[in-house]
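Participant: Below is one structure. I have some questions about it.
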Amino acid sequence: MHRLPQTIQDAIQVSHFLGLQFIWVDALCIIQDSPEDWKAEAMRMADVYENSLITIAASGASSCREGLFSARDALMETPCQLFRISPELSMFAMLEESEFPGSIQMKVGQEALYKRGWVMQERIFARRTLHFGQGVHWECRSGDCSETGGWQYSDPQITYLRPKEIFNVRFAPLRKVSSQNDLVDGGSAIDFLRAWDELIMRPYTSSALTKKEDRLVAISGIIQRMASQKGWRNLFGLWEPHFVDQLLWHLSPAAQPPINVLNIPKQHCYARPNTSRPTMSSPETSIEDAATNPPVSYKT
63 MHRLPQTIQD AIQVSHFLGL QFIWVDALCI IQDSPEDWKA EAMRMADVYE NSLITIAASG
123 ASSCREGLFS ARDALMETPC QLFRISPELS MFAMLEESEF PGSIQMKVGQ EALYKRGWVM
183 QERIFARRTL HFGQGVHWEC RSGDCSETGG WQYSDPQITY LRPKEIFNVR FAPLRKVSSQ
243 NDLVDGGSAI DFLRAWDELI MRPYTSSALT KKEDRLVAIS GIIQRMASQK GWRNLFGLWE
303 PHFVDQLLWH LSPAAQPPIN VLNIPKQHCY ARPNTSRPTM SSPETSIEDA ATNPPVSYKT
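Quick note on numbering: the sequence shown equals residues 63 to 362 in our numbering.
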């Protein structure tokens, strides 16, 4: 066991502490040098995370060698006794998370792990996640909590992309677009496309992937769930009934460096059009979808 990377050693230790007998680690359970095994397992990733009892996330680690536990000043996290009211009761002061909704998810979302493209799908489908970063955070479908307190319940009126209770989106930037009814129960096409744009495409196209050809595979589970609920087909990141609408996208003014669609390297695994937004992605790029903007009325 001592030969394993530190993060895996720590995850085994946490699993043992939680009383769990088994742990699934992608680096160990997928044959890393086998393209055939990777292709077979990559399409099952959503099922793995959706059906796991708990997901342990090394949120603050940039590599598997850094481990789960970060060095910090323990005195900053330890409750400080101010005075004793009675032999049985004392007054303490302690740091606590901000009260505003989404603050815990916002803090977690800024950790190093969530700059990786594959992690979006993993975090969406995981039912319960124990995050180890600058602090310890708990995330599940009922709410979120940090080690310093600050429990935040999920708003039952905000179900994000949770169609028919299938799955839930927990990212802080994803807490704002459409409700369940907007997405799957007769909601308009523009509502669905806006949810796809703001909840998936915008954060995903700014994430990083080691292999560019993984760009669509890494969100295949999300696409399958949304397609099954809406009855639409997705081709290269575009929804079939509204191809034309989704071609109306542009780079945000702050995107650096500018992207020349004529110079995008070809992929050897499969062909895809250079109008597909995932093809344009890079960690430094922000893409805005013009199709989700309100139509402009004009007279001639």
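From the three backbone atoms N, C-alpha and C, an ideal C-beta is built for every residue, glycine too.
Since the model is a prediction, treat every value here as computed from it, not as a measurement.
#1: Considering just the uninterrupted stretch of the alpha helix (DSSP H) at Arg256, what are its terminal residues?
#2: How many angstroms separate the CA atom of Met156 from the CA atom of Val198?
#3: Taking 8 Å as the CB-CB cut-off, is Trp301 touching chain D?
#4: Does the beta-carbon of Met105 have 16 or more other beta-carbons within 10 angstroms, so that it is buried, or is it exposed?
#5: Please identify the residue among Trp200, His78 and Gln196 whose C-alpha is closest to the C-alpha of Ala188.
#6: Could you spell out where the alpha helix (DSSP H) holding Gly179 opens and where it closes?
#7: Is the beta carbon of Arg190 closer than 8 Å to that of Cys44?
#8: Mark Glu98 as exposed unless 16 or more other C-beta atoms lie within 10 angstroms of its C-beta, in which case mark it buried.
#9: What residue does the beta strand (DSSP E) around Thr117 start on, and which one ends it?
#10: If contacts are defined as beta-carbon pairs under 8 Å, then Glu139 and Glu184 qualify, I think. What distance do you get, rounded to the angstrom?
#11: As a quick exercise: from Ala251, Val306 and Glu275, pick the residue whose alpha carbon is nearest that of Met288.
#12: Buried or exposed: which applies to Ala133, given that a residue is buried once 16 or more other Cβ atoms fall within 10 Å of its Cβ?
#13: Taking the alpha carbon of Phe194 as the point to measure from, which residue in Val76, Pro67 and Gln83 has its own alpha carbon closest?
#14: Can you find the residues in the same chain that come closer than 7 Å, C-beta to C-beta, to Ala280, ignoring five residues on each side of it along the sequence?
#15: Just the Cα atoms here: how many angstroms apart are Val170 and Arg65?
#16: Does the beta-carbon of Gln143 have 16 or more other beta-carbons within 10 angstroms, so that it is buried, or is it exposed?
#17: Determine the extent of the beta strand (DSSP E) in which Leu144 is found, giving its start and end residues.
#18: For Trp301 and Ser269, what's the separation of their Cα atoms in angstroms?
#19: Tell me whether Asp95 sits in a helix, a strand or coil according to DSSP, three-state version.
#20: Using DSSP's beta-bridge definition, name the partner residues of Cys202.
#21: Provide the residue span of the beta strand (DSSP E) that contains Ser152, from first to last.
#22: Apply the 10 Å Cβ neighbour rule to Ser290 and answer buried if 16 or more other Cβ atoms are within range, or exposed otherwise.
#23: Please classify Trp86: does DSSP put it in a helix, a strand, or coil?
#24: Taking Lys177 as the reference, which of Asn296, Ile92 and Ala120 has the closest Cα?
Facilitator: Let me spell this out:
#1: For this step, residue 256 is matched to residue 194 along the sequence shown. Membership of Arg256 in the alpha helix (DSSP H) is indicated by the continuous run Ala251 to Ala257.
#2: Here residue 156 is taken as the residue at index 94 of the sequence shown, counted from 1. Here residue 198 is taken as the residue at index 136 of the sequence shown, counted from 1. So the alpha carbons of these two residues sit roughly 15 Å apart.
#3: Considering every chain present, this structure includes no chain D. It has just one protein chain.
#4: As a working note, residue 105 is residue 43 in the sequence shown. By the neighbour-count definition (other C-beta atoms within 10 Å, threshold 16), Met105 is an exposed residue.
#5: On the sequence shown, residue 188 is found 126 positions in, with the first residue counted as 1. When only C-alpha atoms are compared, the closest one is Trp200.
#6: If you number the sequence shown from 1, residue 179 lands on position 117. For Gly179, the uninterrupted alpha helix (DSSP H) segment begins and ends at Gly179 to Phe187.
#7: What the structure shows of the chain is the stretch from 63 to 362, and residue 44 is not part of that stretch, so it cannot be assessed.
#8: Counting from one through the sequence shown, the residue named residue 98 turns up at place 36. By the Cβ-count criterion, Glu98 is exposed, with fewer than 16 other Cβ atoms from all chains shown falling within 10 Å of its own Cβ.
#9: Position 55 of the sequence shown, counting from 1, holds the residue named residue 117. From DSSP, the beta strand (DSSP E) with Thr117 extends over Thr117 to Ala119.
#10: Against the sequence shown, residue 139 aligns to sequence position 77. Against the sequence shown, residue 184 aligns to sequence position 122. Actually they are not in contact, since the Cβ atoms of Glu139 and Glu184 sit about 27 Å apart, beyond 8 Å.
#11: As a working mapping, residue 288 is identified with position 226 in the sequence shown. The shortest C-alpha separation from Met288 is found at Ala251.
#12: Here residue 133 refers to the residue found at position 71 when the sequence shown is read from its first residue. With fewer than 16 other Cβ atoms within 10 Å, it is exposed.
#13: Taking the first residue of the sequence shown as 1, we reach residue 194 at position 132. Checking every option, the nearest Cα to that of Phe194 belongs to Val76.
#14: Here residue 280 refers to the residue found at position 218 of the sequence shown. Hits under 7 Å: Gly179, Trp180, Gln183 and Leu271.
#15: By one-based count along the sequence shown, residue 170 stands at place 108. By one-based count along the sequence shown, residue 65 stands at place 3. Cα to Cα, Val170 sits roughly 29 Å from Arg65.
#16: Locating residue 143 in the sequence shown gives position 81, where the first residue counts as 1. Exposed.
#17: Sequence index remark: in the sequence shown, residue 144 carries index 82 (1-based). Unbroken beta strand (DSSP E) run through Leu144: Cys142 to Ser148.
#18: Along the sequence shown, one-based indexing puts residue 301 at 239. Along the sequence shown, one-based indexing puts residue 269 at 207. When rounded, the separation of the alpha-carbon atoms in Trp301 and Ser269 is 21 Å.
#19: Translated into positions along the sequence shown, residue 95 becomes position 33. Reduced to three states, the DSSP call for Asp95 is coil.
#20: Reading the sequence shown from its first residue, position 140 is the one you call residue 202. Partner(s): Arg190.
#21: Within the sequence shown, numbered from 1, the residue matching residue 152 stands at position 90. Its beta strand (DSSP E) spans residues Leu151 to Ala155.
#22: Within the sequence shown, numbered from 1, the residue matching residue 290 stands at position 228. Label assigned to Ser290: exposed.
#23: On the sequence shown, residue 86 is found 24 positions in, with the first residue counted as 1. In the three-state reduction of the DSSP assignment, Trp86 falls in the coil class, being assigned neither a helical nor a strand state.
#24: Residue numbering aside, residue 177 sits at position 115 when the sequence shown is read from its first letter. The shortest Cα separation from Lys177 among Asn296, Ile92 and Ala120 belongs to Ala120.
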